[in-house]
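What follows is a short report on a single structure.
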Ligand SMILES: Nc1ncnc2c1ncn2[C@@H]1O[C@H](COP(=O)(O)OP(=O)(O)OP(=O)(O)O)[C@@H](O)[C@H]1O
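Numbering (our numbering), first residue to last: 7 to 311.
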């Protein structure tokens with residue numbers, strides 16, 4: 007499990023992240039990172055996939071020998087898709103997401119993000135990354151947590167306020183802007199984290215099991231909210247989950263991975279309508295897709311390990 011870093015990356019690169027862990031942000035440091043510009047790669051041509059992965063492999067060299075975390079991954083993610091990675095523990099979901107985010111380096115194959123290398127995409131701050139734990143900064147109010155990346159981006163106070171109000175409204179936390187994280191429930195904290203990621207308006211959101219630690223009712227509610235957000239904003243989302251209903255409810259494409267070595271077992275293009283409500287989960291179409299995911303998970307899972 008590698009999604010334990012701490013918080014949300016808002017178009018922040020890995021170096022930013024390392025700086026952020028446990029520290030108040032020194033906004034002046036980040037002024038050295040170029041402001042996102044209309045990169046020639048970003049949105050370059052309708053036919054260019056947002057993410058294009060070909061024959062990608064990643065082997066970790068460890069003291070106990072090589073760990074083949076990813077093997078021969080082929081995947082395209084088009085603009086506006088909601089793609090979930092699902093699979094048993096250790097099949098490489100987080101690693102694949104981290105390769106896309108340039109937080110890990112491939113050892114073979116090719117990958118482009120927004121038509122360029124993951125490193126360039128990271129430097130362009132082309133994506134927002136949501137980690138498993140909300141980990142908001144406890145000494146900052148919710149409003150100030152959301153303001154943090156906007157301060158780094160150099161937005162005026164007025165621009166910051168407008169964006170903060172908008173995202174707090176979207177995640178239904180408008181009345182909680184002056185609270186500190188520890189005054190909110192786990193689900194509310196995770197919503198605040200998502201608001202923080204959305205505040206910088208990335209076109210691509212990479213989300214690593216953001217709701218994994220929440221109870222089912224809260225999770226349902228957040229799934230619903232996330233789905234509505236995605237449907238409204240037409241962002242491209244790549245989402246890691248262990249939950250079949252979550253994957254089927256949210257996704258336009260479900261990628262089933264299997265372990266040792268981590269590889270793609272099945273890619274399911276969902277024909278569920280784009281507009282969804284939670285009661286869709288009772289429909290035959292939903293159950294049919296869920297069944298195919300379940301079969302893929304079973305087939306790819308070695309129970310005798
Ligand atoms: N930095 C690392 N060094 C060595 N091995 C690693 C490293 N990161 C991940 N691995 C290994 O790579 C494999 C894939 O790990 P990864 O965390 O991507 O799986 P996952 O599917 O996300 O698992 P989970 O569902 O438990 O989060 C595992 O065998 C893991 O132990």
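Glycine included, each C-beta is placed from N, C-alpha and C at the ideal position.
- In this structure, ligand 1 has no non-hydrogen atom nearer than 7 Å to the beta-carbon of residue 111.
- Its Cα nearest to that of residue 168, the residue 207 stands out among 258, 207, 275.
- Pairing residue 105 with residue 83 gives a Cβ-Cβ distance that is not under 8 Å.
- Per DSSP, the beta-bridge partners of residue 63 are 114.
- Residue pairing for residue 89: DSSP places it in a beta bridge opposite 244, 259.
- With a beta-carbon spacing of about 5 Å, residue 215 and residue 246 fall inside the 8 Å limit used to define contacts.
- For the alpha helix (DSSP H) assignment, the uninterrupted runs of no fewer than 4 residues enclosed by the region 122 to 148 are, from N- to C-terminal side, 124 to 129.
- Residue 200 is bridged by DSSP to nothing; it lacks a bridge partner.
- In this chain, residue 168 is not harboured by any beta strand (DSSP E); it is covered by the alpha helix (DSSP H) spanning 163 to 176.
- Looking at the DSSP output, residue 270 sits in a beta bridge with 263.
- Between residue 76 and residue 102 the beta-carbon gap is near 6 Å, inside 8 Å, which marks them as a contact.
- For residue 82, the enclosing beta strand (DSSP E) starts and ends at 71 to 83.
- Taking the C-beta atoms as reference points, residue 259 is found nearer than 8 Å to residue 87.
- Per DSSP, residue 212 is one residue of the beta strand (DSSP E) stretching across 210 to 214.
- For residue 234, the enclosing alpha helix (DSSP H) stretches over residues 222 to 239.
- Around the beta carbon of residue 70, fewer than 16 other beta carbons sit within 10 angstroms, so the residue counts as exposed.
- Less than 8 Å divides the Cβ of residue 224 from the Cβ of residue 193.
- Inter-residue distance for residue 73 and residue 302 is about 23 Å (C-alpha atoms, whole angstroms).
- If you look at residue 109, you'll find it isn't in any alpha helix (DSSP H); DSSP assigns it neither H nor E.
- Judged by DSSP in its simplified three-state form, residue 68 adopts strand.
- Assignment of residue 299 by DSSP, reduced to helix, strand and coil, places it in the helix class.
- By the Cβ-count criterion, residue 66 is exposed, with fewer than 16 other Cβ atoms from all chains shown falling within 10 Å of its own Cβ.
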